[in-house]
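Note sheet for the following structure.
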Amino acid sequence: MILSVTGLVKTFGSVRAVDGVDLSVAAGETYAVVGESGSGKTTLARCVLGLIRPTSGSVLVEGDDTATMRPGDLRLLRRRVQIVFQNPHASLNPRMTVERLVAEPMRLRTGSKGAALRDEVVADLDRLGLGPAHLSRYPHELSGGQLQRVALARALALRPRLLVLDEPTSALDVSVQAQILNLLADLRTHDGPAYLLISHDLAVVRHLADRVGVMYRGRLVEEAPADRLFAEPAHDYTRRLLDSVPGRGRESMETAHGVEP
Amino acid sequence: MSDLLSVEDLEVSIGAVRPVRGVSLRVAPGEIVGVVGETGCGKTLTGLAVLGLLPPGARASGRVVLGGDDVLGGDPRAVRGRKVTMVFQNPGTAFDPVTTIGGQFARVLRAHTGCSRRAARARAAELLTAVELPERVLDNYPHQLSGGMLQRCMIALALSCEPSLVIADEATTALDVTVARQILRLLLRLQREHGFGVMFVTHNLAEARDICDRVYVLYAGRVAEEGMAHAVLDRPRHPYTRALLAALPRLDAPRGRLASIPGSVSHAEVGCSFAERCPDAKDVCRAETPPAHDGVACHFPGGAP
Numbered sequence: 001m002i003l004s005v006t007g008l009v010k011t012f013g014s015v016r017a018v019d020g021v022d023l024s025v026a027a028g029e030t031y032a033v034v035g036e037s038g039s040g041k042t043t044l045a046r047c048v049l050g051l052i053r054p055t056s057g058s059v060l061v062e063g064d065d066t067a068t069m070r071p072g073d074l075r076l077l078r079r080r081v082q083i084v085f086q087n088p089h090a091s092l093n094p095r096m097t098v099e100r101l102v103a104e105p106m107r108l109r110t111g112s113k114g115a116a117l118r119d120e121v122v123a124d125l126d127r128l129g130l131g132p133a134h135l136s137r138y139p140h141e142l143s144g145g146q147l148q149r150v151a152l153a154r155a156l157a158l159r160p161r162l163l164v165l166d167e168p169t170s171a172l173d174v175s176v177q178a179q180i181l182n183l184l185a186d187l188r189t190h191d192g193p194a195y196l197l198i199s200h201d202l203a204v205v206r207h208l209a210d211r212v213g214v215m216y217r218g219r220l221v222e223e224a225p226a227d228r229l230f231a232e233p234a235h236d237y238t239r240r241l242l243d244s245v246p247g248r249g250r251e252s253m254e255t256a257h258g259v260e261p
Numbered sequence: 262m263s264d265l266l267s268v269e270d271l272e273v274s275i276g277a278v279r280p281v282r283g284v285s286l287r288v289a290p291g292e293i294v295g296v297v298g299e300t301g302c303g304k305t306l307t308g309l310a311v312l313g314l315l316p317p318g319a320r321a322s323g324r325v326v327l328g329g330d331d332v333l334g335g336d337p338r339a340v341r342g343r344k345v346t347m348v349f350q351n352p353g354t355a356f357d358p359v360t361t362i363g364g365q366f367a368r369v370l371r372a373h374t375g376c377s378r379r380a381a382r383a384r385a386a387e388l389l390t391a392v393e394l395p396e397r398v399l400d401n402y403p404h405q406l407s408g409g410m411l412q413r414c415m416i417a418l419a420l421s422c423e424p425s426l427v428i429a430d431e432a433t434t435a436l437d438v439t440v441a442r443q444i445l446r447l448l449l450r451l452q453r454e455h456g457f458g459v460m461f462v463t464h465n466l467a468e469a470r471d472i473c474d475r476v477y478v479l480y481a482g483r484v485a486e487e488g489m490a491h492a493v494l495d496r497p498r499h500p501y502t503r504a505l506l507a508a509l510p511r512l513d514a515p516r517g518r519l520a521s522i523p524g525s526v527s528h529a530e531v532g533c534s535f536a537e538r539c540p541d542a543k544d545v546c547r548a549e550t551p552p553a554h555d556g557v558a559c560h561f562p563g564g565a566p
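In structure tokens:
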């Protein structure tokens, strides 16, 4: 297993943001965590990245427990676990060129310098659909879709074993979202990382995920292979989420279904 | 039936940029009309023009007539708040953070109707009931409410002077999926009860399909396609609408590669704006701006010969 989360609890004061979660992600697998605001999905992701310490329970990355790691080990952990955030405008340093943004993590992994480092950056950017013309650009000169490719290039430069994708296409237009989703699917086939996809968009989740965990109030209320979850949702909350997906026409608005909060 | 809102050949320019380049649309009384498109297509500016709320430096031409009043030529304050109101995307920033919800209702009601504080409070309570919120919310500050509750408050506030047109600009975009669904159902129910028209500005084609009677699909500041919502979104005729729908991941479609649209938006002055990205484009598409014919602004609607 790339990731094993066991009995994870994280409290903030009296709030149990994550309240006993078990999940595991195998090599090359895409595991999606779906849920709404306050479900605990972001806190779960932060525990997985070692950004915050769990109150109890364990997070194992390839067998190593992040809860007991010292700061130096956590830095090494981040070479194995990377994240792409929702808003690349906010997550990329505006004063660094695309080349520097990608070269920074690349050098950490390969130790290259100068022209060799530049070649590695160019090759990775090319794989993500960005030509060498983008090397000298700053984030404000790029579109949202291009920036998200840079954020992916930066994360993948370390060749992580697990990539956490936190709402990676929520800020993008539909046509650009399609490009990024296709790209994520392509990267998975080339000996790529496993994905932990955090999303509220069930259509995106169904498109990309192998397995899905539904989070509600800090707990995983249902977990199933994607095909089964969408075909036969077992939990009331999962059914309510599925009923909320728009696009089935005016008639679907008339039949209020499921429990109201 | 005479139109509630009629926008004719609206152009908006900001400096040398023309984000809206000849949009014509209409909303009949009691009709829900979608204005859909991606970032930069001109949908939000079109909505703001109807309210007379274009940003400083923006110049508008064309005609915007709302219930007989000329909005572009006249004083927009004659219609704003009374005949037309807006529900904004982010309810967290649309309210004054240091005034209670009741105070904000009082401000609006007293400005528009000149009623007493007591009457304003009674009316506000009535409006909150209509959006399924308890009266005690009047004593809350915005930060004490959830996004969904605030959006209900904003809808109630928008209805306070019984407008004939409500412009909803990405009204559900900032909300969780289940809450977004509740807000859409609420909007639909209130629309039926009160009979106002709705201009539903959104990037979400699926939501437009669920609540709109008719839709206009905007691309690069022009109307690419218009028609009945189910017709346009189930049987799109403009290549852009087709491409946009094909790019959308769906629960009811087989999983696989999504079709993406190559290139980026161009605001070409000559020819069809979509020509550079269109799989069916011919020479004529780059040379002549396609006129709208039968609701589709395309030289080859439904595919090239």
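Just so you know, the protein sequences line up as chains A and B, in that order. Numbers 1 to 261, taken from the working numbering, label the letters of the first sequence in order. Numbers 262 to 566, taken from the working numbering, label the letters of the second sequence in order. All C-beta atoms, glycine included, are put in the ideal place defined by N, C-alpha and C.
Check whether residue i and residue j have beta carbons under 8 Å apart
i, j, result
"Arg109 (chain A)", "Ala157 (chain A)", "yes"
"Ala481 (chain B)", "Ser525 (chain B)", "no"
"Val249 (chain B)", "Ala490 (chain B)", "The requested residue 249 (chain B) is not part of the displayed model; chain B covers only 262 to 566."
"Val294 (chain B)", "Phe457 (chain B)", "no"
"Gln148 (chain A)", "Pro168 (chain A)", "yes"
"Ile416 (chain B)", "Gly308 (chain B)", "no"
"Thr66 (chain A)", "Tyr195 (chain A)", "no"
"Val21 (chain A)", "Arg211 (chain A)", "no"
"Thr300 (chain B)", "Asp173 (chain A)", "yes"
"Leu506 (chain B)", "Leu494 (chain B)", "yes"
"Gly50 (chain A)", "Leu74 (chain A)", "yes"
"Gly7 (chain A)", "Gly57 (chain A)", "yes"
"Leu447 (chain B)", "Val245 (chain A)", "no"
"Val33 (chain A)", "Leu3 (chain A)", "no"
Close beta carbons around residue i, own chain, < 7 Å, minus the five adjacent residues each side
i, result
"Gly563 (chain B)", "Arg498"
"Gly258 (chain A)", "Note that Gly258 (chain A) has pLDDT 37, beneath the 50 cutoff, so the model's placement of it is unreliable and the number below is only indicative. Cβ neighbours of Gly258 (chain A) beyond the five flanking positions: Asp236, Arg239, Arg240, Asp243."
"Arg154 (chain A)", "Leu101, Val102, Pro105"
"Cys473 (chain B)", "Ile293, Val294, Gly295, Phe461, Ala490"
"Val325 (chain B)", "Val268, Leu271, Ala310, Val311, Val332, Leu333"
"Ala171 (chain A)", "Gln86, Asn87, Gly144"
"Ala90 (chain A)", "none"
"Glu120 (chain A)", "Met106, Thr110, Ser112"
Residue i, buried or exposed, once every other Cβ within 10 Å from all chains shown has been counted against 16
i, result
"His560 (chain B)", "buried"
"Asn93 (chain A)", "exposed"
"Lys41 (chain A)", "buried"
"Ser199 (chain A)", "buried"
"Ser425 (chain B)", "buried"
"Phe12 (chain A)", "exposed"
"Ser37 (chain A)", "exposed"
"Gly276 (chain B)", "exposed"
"Glu251 (chain A)", "exposed"
"Lys10 (chain A)", "buried"
"Thr354 (chain B)", "exposed"
"Glu222 (chain A)", "buried"
"Ser136 (chain A)", "exposed"
"Val284 (chain B)", "buried"
"Gly303 (chain B)", "buried"
"Gly289 (chain A)", "The shown model of chain A, from 1 to 261, leaves out residue 289 (chain A), and the question about it has no answer."
"Ala521 (chain B)", "Ala is not the amino acid found at residue 521 (chain B); the sequence shown has Ser there. Counting Cβ neighbours within 10 Å, Ser521 (chain B) comes out buried, since at least 16 surround it."
"Ser175 (chain A)", "buried"
"Leu76 (chain A)", "exposed"
Counterpart residues of residue i in DSSP-defined beta bridges
i, result
"Thr30 (chain A)", "A:Tyr195"
"Leu183 (chain A)", "None, per the DSSP bridge assignment."
"His554 (chain B)", "B:Val557"
"Ile428 (chain B)", "B:Met347, B:Met460"
"Ile275 (chain B)", "B:Val278, B:Ala319"
"Gln82 (chain A)", "A:Leu163"
"Ile472 (chain B)", "According to DSSP, Ile472 (chain B) bridges with nothing at all."
"Pro12 (chain A)", "Per the sequence presented here, residue 12 (chain A) reads as Phe, with Pro not at that position. A:Val15, per the DSSP bridge assignment."
"Thr6 (chain A)", "A:Ser58"
"Arg341 (chain B)", "B:Val345"
"Arg219 (chain A)", "A:Tyr216"
Close Cβ partners of residue i (< 6 Å) along its chain, the five nearest in sequence each way excluded
i, result
"Ala485 (chain B)", "Val478, His499, Tyr501, Ala558"
"Val98 (chain A)", "His134, Leu135, Arg137, Val150"
"Val531 (chain B)", "none"
"Ala504 (chain B)", "Ile522"
"Val348 (chain B)", "Met415, Ile416, Ala419, Ala429, Ala432"
8 Å CB neighbourhood of residue i in its chain, flanking five on each side removed
i, result
"Gly408 (chain B)", "Pro352, Gly353, Ala435, Leu436, Asp437, Val440"
"Val369 (chain B)", "Gly342, Leu418, Ser421, Cys422"
"Met410 (chain B)", "Leu394, Val398"
**OP:** At 4 residues or longer, and completely inside the stretch 134-160 of chain A: list those alpha helix (DSSP H) runs for me, N to C.
**Re:** Those alpha helix (DSSP H) runs which fall completely within the stretch 134-160 of chain A and span 4+ residues are 144-156.
Subject >> Start-end ranges of the alpha helix (DSSP H) lying completely within the stretch 397-424 of chain B, minimum 4 residues >> reply: Scanning the stretch 397-424 of chain B from its first residue to its last, the whole alpha helix (DSSP H) runs of 4-plus residues come out as 408-419.
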